[in-house]
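Here the structure is laid out as structure tokens; the discussion comes afterwards.
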Amino acid sequence: MSEPDQETQAGSTDETGNSSLIETHVTSDTSVDTQGENPTSVVETRNLSVYYDEEQALDDVNLDIYEQEVTAIIGPSGCGKSTFLRCINRMNDLVEAATIEGELRFRGTDIYGDNVDPVALRRQIGMVFQHPNPFPKSIYDNVAYGLRVQDETVTDEIVETALKRAALWEEVKDQLHTSALDLSGGQQQRLCIARAIAVNPDVLLMDEPASALDPIATSKIEDLIEDLTSEYTVIIVTHNMQQAARISDRTAVFLTGGELVEFDHTTTIFENPADDRVEDYITGKFG
Amino acid sequence: MATESETLQRSGRFQYAEIRGKAFEAILIAATLVGLVALILLFGFMFFDAFGPLSASLEWYLLFFSTLVAPVSAFTLYCRRNPAARTANARASAAVFGGLVLSLAAYIVLRAMSPYGPLVYLITVSSMPLSVAVYGRYTENSYFVGPAMVLAMLLAIVWTFGSEVLLFPLLDAVFGLGNDLLGGVPVLGSVPVPVGRGLLVTAIAVGVPTLALANSVLRRRTSRAGILAVFAVLGLSAAGTAGLDQLIRPILEVLPIWSAYAGVIGLPVTGILALLITRQRGMRAGITAVVAVVGGGLAVVAIASAVSMDPSLWVVLFFGMGVPTAYVVGEAVISDRDGRVGVAGPFVILGGILVGAYLERLLSVTGPDSWVTPTLLTNSWNGLTATEAGAYPSIVGSIMIVSFMALMAFPVGVGAAIYLEEYAPDTGWKGRLTNLVELNIANLAGVPSVVYGLLGLALFQNLLNFAPGLVFSAAATLGFLILPIVIVSAQEALKAVPDSLREASYGMGASRWQTIRSVVLPEAVPGILTGTILALGRAIGETAPLIIIAVPTTTFTTPGGLFSSGAAVPLRIFSASANFAPEYRKGVVAALAIVLLVLMLTMNAIAIVIRNRYQQ
Amino acid sequence: MSKKRETELSSLERSEFIVRKERLYGQLLAACAVLTIAVTGGIILSLSGQALTFFGHVSPIDFLTGQNWSPLSNTPSYGVIPLISGTLIVTVGSAVIALPVGLGAAIYLSEYASSRVRGIVKPLLEILAGIPTVIYGYFALVYLTPLLDAPLPIRQTIIPGEFVLVVPSISTFNALSASIAVGVMIIPMVSSISEDALSAVPDSLREAGYGLGSTKFDVSTSIVVPAATSGIVSSYVLALSRAIGETMIVVVAAGESPKMPTFPNILENFTESIETMTVAMVNIASAESLGETVAYESMFAIGLTLFAITLTMNYIAELISRQYREEY
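Residue numbers (the working numbering), protein chains in the order written: chain A, 1223 to 1509; chain B, 10 to 625; chain C, 9 to 336.
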């Protein structure tokens, strides 16, 4: 895979979007303006704070995620990256000790509102986890799982499309009914992505999807993620800054204590960050 | 000089430490051996007295060595080298021996109870949920199928079992009173009591789910066809349940008895087989399989009738053992190229035994003077002639008690475990409550079994006024006893399912129940089964609670049903161990003890095999 | 695309039916869990109900301090002390066997044995716990007692004129063989639970010991065993509680003659027939045609005593073992 390509691509996005860019500092409460060709925001958080028992994991986060972009979330370990991601599809509901304050809107609906069913929400916001976690079923059944639990008809075409979309079809088309656990780690992770997109979600959350994989598998996943933006909005948590620079359109930097320090176009973050702490973090002086 | 003396001193200390370490290790080994020696003594003494191995001639040992031991050892060695064959061997053995044991047990219980009753229950209990399931497969809106099936099953169980125990006496009283009061009124007064109560029970069993389902269907504004289908389903189930006593049973009893056996065993076996094959190889293969199985069953009946034997046992064996064996063997031969040979394992053992026995008779070789004989398993007790004494009624009783107990305790235990692991809150005051319940369950597992006997006594005899020592009370009492064991082991199995799988499922938009049903439970099933089998093994040998609830120690007739007087093998051993005549003391009782031990060991072995197979 | 999204948004709301369905399943499962509490409640109610009636006839003080137990005689007497002493004799006897042997086996399995040996020996030992107790009783009565009785009586002068060892011959029903059988039965309880506790000691502790030049003996006795004390103690308490509640072994092998313990010749207590609390219950239950008499109610009073003792012990064991679970 060729990195210069990536850079230019990211750069070009930057140029087109630069005019409409507004610094979204956490401290400044101004939301992103919507003039010009600025894309619509899919997920918006307002003053989002999360506590595990007494411990604060997210501190007053304001962040907008735009449609059909890759948004990377970076930061040192324990800074609340994963917590933030898990707020978006309410996976934190499964952690009983977690309390959530503030507002998180998905296409305008407050997802922590009374009427929202987390199960229905998760059907529109798919998730890929840090370690590949295919079900101990066949490859076919893994992809079909989401459709089955949503009471939708499973057809071979849908499974094939999802596997093709995840760039896995050619490798597994002859062994669809063998156990998914026989695949390699990288294939398993692509299967998990296929499983997530088979139900055609709106947003795809990825929690360090390549951290458990070798470099070749990682680059395949990265190619795949870029490819997915044509249809999906992707939010990816990563601790690999090169990865964030390569694949994301915008980057949010969290620092210890769950504070969102800076959120901007990826090139701006990596070339000309506004906050000194971000610069320290990116250049490796901190974290 | 000084350094030298120091090294010398040290080595001396080391020597002392070495001896001390060796002695300690020897003591530890001795301690471990105490348990093993006790085990060998226990089995050795009883085995010796039960089988009398010294009375057999050398030729007998040579004969069985060459027909049984040598081939089996050779085969085992082969399987050790070839893991695929080993797996196939394990599967085939499970099908053959498991099928053999289960079909014999089922045959014994059915024969004791007369198979017509169970057939009626089978049809009525399964008709409602099955028709709901079939309807659900062919409809778009299948949301309600799950809960409707659960409701239908619960209602059917309550209806069939509960009506006999609770509703009928109550209704008899009501109708009796009604008849007294309304005796003069035409029509109402002339309805005979049994018909009246049957109609009322049917009305309740059919009306309540109809109303509930109709309500939910109307709310979802399903198509008219959907509503009609629901009513059709309920109408069918109404027809099925309406004439339990009045209609179905007399009709069924016209049929020959073997067909009742075939119905009870064959219907579920064929159904499961059809499902399996359809899922794997498509509808056509499934239909072919069903036709083949039914044809095979009829052929067995025809052959048995031709040689004028009662086909019942053979039909049960065909469906219970033949069909699963054929499935496993066929699957291995078709799709498992490496392990194909492994399926011969159980047949090597069975063939060795049969050929050996045949040659033994042919060459008139002197076998051992064993107390473990067919008489022991098929006769009832004889307190005067030891060679005539058998434990047939007790064996039937034990099988009935343990199987009904498993039916009652397994779903409740697994359900409670699922609730505690997957639903119950962990934090706050509710979390403390959960903790308390778990502590309570752990403590229940340690309550002496005799105390459970008192619970059974107070609940069934004092409160519900049952006759003493019923199969039902015994099964329920032992069910309470093993409930905590089942719960704790099922909880362990559920805990072992990695959270990443749960997260993956929730992340896909699955609800809690969907996650449990399609991800968590399939992973936990081996662990749950292991714990349950061990609990069943414990229940088979349980004696004290049965004495307390006054299950008779000596019976000469087999229990005829759930609500007749029970019997159990350990009780037989208990009362016979008081007999001081040596041919009982060191003969019949030893043989019975060996039978019980072998049963328990087999269950332990199965549990260990399941655990090892899936704990990788 | 955005149109499609808008229509889907409405489905973020809860579907009433699915929520109800989920709740139904939750409630069904919760009902199963509640049933276990009902079992506990049922035990306590059924025991205390009849026991209270019993204490209406016999005062609790007489029950707990009386030295004569003869509920089925013409002049019944309900003193529980002989039964408690019988239970104690069997418990002490079995503890003498099972506690050291079980701990030794546990240390061997966890510290010395190879994983292959452990894989074979552990399930074999666990078979001991699964053998039906009525078979243990039969074994003790028919095989163990004659075996023990063969060399008896012994009258051996150890130091002439000073000390003569006297071991009387044992009766057909005796506490000794029953105690041995109970002891063997509870060995796997001690060894399994203790081994779990020993294996739970982190390897880093062991390595620290070896790093300081300790031998295997030192590491086992002065690092691993002390670290696992709470687990070992908890296994002891559980095993003793099991021995106290054991019924069939003592019913078959130890006889049914309630008596006060003899002092100072302690061995005699073991060679004679005794009666434990559990045996007394079985005796009353198997007596024919017994209505709701005082004797019948006394069975529940003993049951309540037994339940209270074992429940307390189990609770203590659970508390202790929770402590070691928290340690690592």
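Where a beta carbon is used, it is the ideal one built from N, C-alpha and C, also for glycine. Since this is a predicted model, take the numbers as computed values, not measurements.
- When C-beta atoms of the segment 266-285 of chain B are compared with those of the segment 320-338 of chain B, three or more pairs fall below 8 Å, so the two segments count as touching.
- DSSP, read as helix, strand or coil, puts Phe-327 of chain B in helix.
- Only buried fits Ser-243 of chain C, as 16 or more other CB atoms lie within 10 angstroms of its CB.
- Ile-410 of chain B is not a Cβ neighbour of Ala-553 of chain B, given a cutoff of 8 Å.
- Between the alpha carbons of Leu-119 of chain B and Ser-389 of chain B lies a distance of about 18 Å.
- Annotation note: the segment 381-460 of chain B contains the following uninterrupted alpha helix (DSSP H) runs of length 4 or greater, listed N- to C-terminal: 383-387, 401-427, 437-453.
- DSSP, read as helix, strand or coil, puts Met-321 of chain C in helix.
- The beta carbons of Ala-533 of chain B and Val-506 of chain B sit closer together than 8 Å.
- For Met-409 of chain B, no CB of chain A lies under 8 Å from its own CB, so it is not counted at the interface with that chain.
- Taking one beta carbon from each stretch, the segment 489-500 of chain B and the segment 584-593 of chain B have fewer than 3 pairs nearer than 8 Å; the two do not touch.
- Within the segment 31-52 of chain B, the residues whose Cβ lies closer than 8 Å to any Cβ of chain C are, in chain order, Phe-33, Glu-34, Ile-36, Leu-37, Ile-38, Ala-39, Ala-40, Thr-41, Val-43, Gly-44, Leu-45, Ala-47, Leu-48, Leu-50, Leu-51.
- Listed as beta-bridge partners of Phe-1328 of chain A by DSSP are A:Val-1265, A:Thr-1331.
- Ile-1295 of chain A has A:Val-1459, A:Ala-1474 as its beta-bridge partners, per DSSP.
- For Ala-1279 of chain A, the enclosing beta strand (DSSP E) covers residues 1277-1288.
- At a C-beta separation below 9 Å, Glu-1318 of chain A has these neighbours in chain B: Pro-434, Asp-435, Thr-436, Gly-437, Gly-440.
- Within the segment 271-334 of chain B, complete alpha helix (DSSP H) segments of at least 4 residues are found at 276-290, 292-315, 321-326, given in chain order.
- With its beta carbon less than 8 Å from one in chain A, Gly-516 of chain B belongs to the interface.
- Using a Cβ-Cβ cut-off of 8 Å, Gln-523 of chain B is close to Val-1371 of chain A, given in chain order.
- Taking a Cβ-Cβ cut-off of 9 Å, the neighbours of Val-1341 of chain A in chain B comprise Tyr-515, Gly-518, Ala-519, Ser-520, Arg-521, Gln-523, given in sequence order.
- For Glu-280 of chain C, no alpha helix (DSSP H) run applies, since DSSP gives it neither H nor E.
- Close to Ser-230 of chain C, with beta-carbon spacing below 8 Å, lies no residue of chain B; the smallest spacing is near 12 Å.
- Contact holds between the segment 1306-1324 of chain A and the segment 1264-1284 of chain A, because three or more Cβ pairs, one in each stretch, are under 8 Å apart.
- The beta carbon of Leu-510 of chain B sits closer than 8 Å to some beta carbon of chain A.
- In this chain, the beta strand (DSSP E) harbouring Met-1428 of chain A covers 1425-1429.
- As DSSP reads the structure, Phe-1485 of chain A sits in a beta bridge with A:Ala-1474.
- At a cut-off of 8 Å between beta carbons, Gly-1368 of chain A contacts chain B.
- Closer than 7 Å at the C-beta level to chain A, one finds these residues of the segment 530-559 of chain B: Glu-532.
- Among the residues facing chain B, Ala-41 of chain C is included, as its CB has a counterpart in that chain under 8 Å away.
- Between the C-alpha atoms of Ala-311 of chain B and Leu-113 of chain B there is a straight-line separation of about 21 Å.
- The criterion of a C-beta distance shorter than 8 Å is not satisfied by Leu-448 of chain B and Thr-48 of chain C.
- For Tyr-323 of chain C, a Cβ of chain B is located within less than 8 Å of the residue's own Cβ.
- When DSSP states are grouped into helix, strand and coil, Glu-1393 of chain A belongs to the helix group.
- In this structure, the alpha-carbon of Ile-328 of chain C lies about 6 Å from that of Ser-238 of chain C.
- Using a Cβ-Cβ cut-off of 8 Å, Met-414 of chain B does not count as an interface residue toward chain C, since no Cβ of chain C sits closer than that to its own.
- The alpha carbon of Phe-63 of chain C has as its nearest neighbour, out of C:Leu-53, C:Ser-78, C:Tyr-86, the alpha carbon of C:Tyr-86.
- Ile-167 of chain C: member of the beta strand (DSSP E) spanning 162-167, first to last residue.
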